[in-house]
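Okay, so the sequence shown: first residue is 17 according to the numbering used here, each after it adds one. For every residue, glycine included, the Cβ atom is placed at its ideal position computed from N, Cα and C. None of the values given here were measured: they were computed from a predicted structure. Have a look at the structure below, then the notes.
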Amino acid sequence: VHDLSLGNPVLEPPEPFFEALRELGASRGEGHHRYMPNAGFPQVRERVAEWVRRAGILDARSEGVVMTVGAGGAISIALKALVDPGDEVLCLAPYFVEYLFYAEHCGGVPVVVETDARCELDVAAIEARLGPRTKVVMVNTPNNPTGRVYSAASLRSLTDCLRRAEARLGRSIYLISDEPYRPIVYEGTAPNFLNDYDNSLLIYSWSKALSIPGDRIGFVAASPRCADRRVADALIFANRTLGFVNAPATMQLAVLRLLDVPPPVETYRRLRDRTVEGLRRAGYDFVVPEGAVYVFPRSPIPDDVAFAQGALQERVIVVPGTGFGRAGHFRISFAVEEAALDGGLAALALARAKLA
């Protein structure tokens, strides 16, 4: 069976990662394995904030950076810090599967807003759903599951829209941008936009950039211009009381040494191009991914769950789009072995021929 379901990179981490582990494993008597402040090692937070500022992503300061157990941990503590029971969390479909659960875990009410037919932001639709209970708008770019990199123009329009809504409603609305795929972009770079909006938080993890998803290391960085100056303290408190306590110590110190190590973009570009060619040859309709490691084709039959089951009969595993908030589509990951990708694409061609 050819498993194209998970964004679980088969690429090994880069050699500097193993060098960092060897160096850290040889250290003795430096307290690297003790508890540290719940937000993480101070020197790691300082360097991460500097890295984020240097890239122009967010005017981060170390006191607003909390090291976390991956991006999932970062989103969980951000929502716990910001959302009161009954507050609404806007999720833009197609969205990462877990967003709705993360919102519900802290008593929030997920509100799904569709992107347009080509998976670009529909800012008018977002603005229409902003109301007196809106607390958070979640953005994920490059997007999982579509690979869409939201345009600079649409993101600028979004921040303008949120400012208008804050003025109209008389309350803060927080923009959380989940960006674990930020460095995996195939044309140009992912737009910077968080400095355009004061109540912004950045989510990041090294799971995909360094091929270390099982090591669970990421961070959340809150803008120093957040209207409520208690946001950073609330993030730290949530990290502790949700049971994370702190991000893994060894991984914090490892990524400190790896901030400028590039991801394997050219390898993923080659796999993306191979995937695009195979899907086109089979007759699928899809948006060509501009980033991340996924494609989100339209299902050849309206029932995407039935299509995924039919594809499994041809020995390929894909994920129905219903779980991402957009029925009639399915997701495949090309972060797999080439043999699995080629076999999976051939199986998808057979599935389309039989089911369409």
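Item to check | CB-CB length for V125 against G102, believed under 8 Å | outcome: Between the beta-carbon of V125 and that of G102 there is about 6 Å, and that keeps the pair under the 8 Å contact cut.
Item to check | I200 - containing beta strand (DSSP E), residue span | outcome: Premise fails: I200 is in no beta strand (DSSP E) and is neither H nor E.
Item to check | Identified DSSP bridge partners for D19 | outcome: Its beta-bridge partners are I333.
Checklist entry - When burial is assigned at 16 or more other CB atoms within 10 Å of the CB, is V332 buried or exposed? => result Flag for V332 reads buried.
Checklist entry - When the Cα of V17 is compared with those of V334, R347, R342 and F346, which residue comes out closest? => result The alpha carbon of V17 has as its nearest neighbour, out of V334, R347, R342 and F346, the alpha carbon of V334.
Checklist entry - According to DSSP, is F302 helix, strand or coil? => result Reduced to three states, the DSSP call for F302 is coil.
Next on the checklist: Given this structure, state the Cα-to-Cα distance separating P158 from A369, to the nearest angstrom.
Outcome noted: Inter-residue distance for P158 and A369 is about 31 Å (C-alpha atoms, whole angstroms).
Next on the checklist: Quick check on this structure: which residue in Y166, E66, A238 and I219 has the alpha carbon closest to the alpha carbon of A87?
Outcome noted: Checking every option, the nearest Cα to that of A87 belongs to I219.
Next on the checklist: Can you confirm whether the segment 78-97 touches the segment 244-252 when touching is taken to mean that 3 or more C-beta pairs between the two stretches lie within less than 8 Å?
Outcome noted: Counting C-beta pairs closer than 8 Å gives three or more between the segment 244-252 and the segment 78-97, which meets the contact rule.
Checklist entry - What residue from E120, R134 and G234 has the CA that sits closest to G56's CA? => result Taking only the C-alpha atoms, the option nearest G56 is G234.
Item to check | Extent of the continuous beta strand (DSSP E) run through N156 | outcome: First-last of the beta strand (DSSP E) with N156: T150 to N156.
Checklist entry - Which runs of the alpha helix (DSSP H), 4 residues or longer, sit entirely within the segment 72-104? => result Counting only runs of 4 or more, we get 86-98.
Next on the checklist: Taking the beta carbon of H345 as the centre, do at least 16 other beta carbons fall within 10 Å, making it buried, or is it exposed?
Outcome noted: Within a 10 Å sphere around the beta-carbon of H345 sit 16 or more other beta-carbons, which makes this residue buried.
Checklist entry - Do L364 and A322 have their CB atoms nearer than 8 Å? => result Going by C-beta atoms, L364 is not nearer than 8 Å to A322.
Next on the checklist: Comparing C-alpha positions only, which one of V281, I200, I189 and L258 sits nearest to G147?
Outcome noted: The residue among V281, I200, I189 and L258 with its C-alpha nearest the C-alpha of G147 is I189.
Checklist entry - DSSP three-state call for A324: helix, strand or coil? => result Residue state for A324 is assigned as helix, using DSSP reduced to three classes.
Checklist entry - Could you give the residue range of the beta strand (DSSP E) that holds Y115? => result Bounds of any beta strand (DSSP E) do not take in Y115; it lies within the alpha helix (DSSP H) bounded by Y115 to H121.
Next on the checklist: I need the DSSP call for G234, collapsed to helix, strand or coil.
Outcome noted: In the displayed model, G234 falls within a strand according to three-state DSSP.
Checklist entry - By Cβ distance below 6 Å, which residues in the same chain neighbour T153 in space, the five residues on each side in sequence not counted? => result In the sequence as displayed, the identity of residue 153 is Val instead of Thr. Closer than 6 Å at the Cβ level, and outside the excluded window around V153, lie L106 and L191.
Checklist entry - Along the chain, where does the alpha helix (DSSP H) that runs through F253 open and close? => result Unbroken alpha helix (DSSP H) run through F253: V247 to T257.
Checklist entry - DSSP beta-bridge partners for S349? => result Note: S349 sits in a beta bridge opposite Y310.
Next on the checklist: Please report the straight-line C-alpha distance between V236 and Y197, rounded to a whole angstrom.
Outcome noted: About 15 Å.
Checklist entry - Is DSSP giving E28 helix, strand or coil here? => result E28 falls in the coil class under three-state DSSP.
Next on the checklist: I'd like to know whether the C-beta atoms of L274 and L226 end up nearer to each other than 8 Å.
Outcome noted: Judged by their CB atoms, L274 and L226 are nearer to each other than the 8 Å cut-off.
Next on the checklist: If I measure Cβ to Cβ from N208 and keep anything under 7 Å in the same chain, skipping five residues before and after, which residues do I get?
Outcome noted: The beta carbon of N208 sits closer than 7 Å to the beta carbons of G72 and I73 from its chain, once the five residues preceding and following it are set aside; these are given in chain order.
Checklist entry - By a C-beta neighbour count over all protein chains shown, 10 Å radius and 16 as the cutoff for buried, is Q375 buried or exposed? => result Lying before the first or after the last residue shown, residue 375 is absent from the chain, which here runs from 17 to 372.
Item to check | Inter-residue Cα distance where the pair is D100 and Y284 | outcome: The straight-line gap from Cα to Cα measures roughly 40 Å.
Next on the checklist: Quick check on P126: does DSSP put it in helix, strand or coil?
Outcome noted: Here DSSP, grouped into helix, strand and coil, assigns P126 to strand.
Checklist entry - Skipping 5 residues on each side, what residues in its chain have a beta carbon closer than 8 Å to that of I200? => result So the list reads P158, K224, A225, P279, V281, Y284, G307, A308 and V309, once near-sequence residues are dropped.
Item to check | Bounding residues of the alpha helix (DSSP H) (the contiguous stretch that carries S173) | outcome: That run of the alpha helix (DSSP H) goes A168 to L185.
Next on the checklist: Across the segment 131-144 and the segment 168-187, are there enough close Cβ pairs to call them in contact, namely three or more that are closer than 8 Å?
Outcome noted: Because the criterion of three Cβ pairs below 8 Å is met, the segment 131-144 and the segment 168-187 touch.
Item to check | Identity of the residue in F340, A351, P336 and L116 nearest R286 by Cα | outcome: For the residues F340, A351, P336 and L116, the minimum Cα distance to R286 belongs to A351.
Item to check | Reduced DSSP category for Y111 - H, G, I as helix; E, B as strand; rest coil | outcome: In the structure shown, Y111 adopts coil according to DSSP, grouped into three states.
Item to check | Spatial neighbours of G299 in its chain, beta-carbon cut-off 7 Å, leaving aside the 5 residues before and after | outcome: Correct list, in chain order: R368.
Next on the checklist: Quick test of your reading: L361 and G294, contact by CB under 8 Å. State the CB separation rounded to the nearest angstrom.
Outcome noted: That pair is a contact at about 3 Å.
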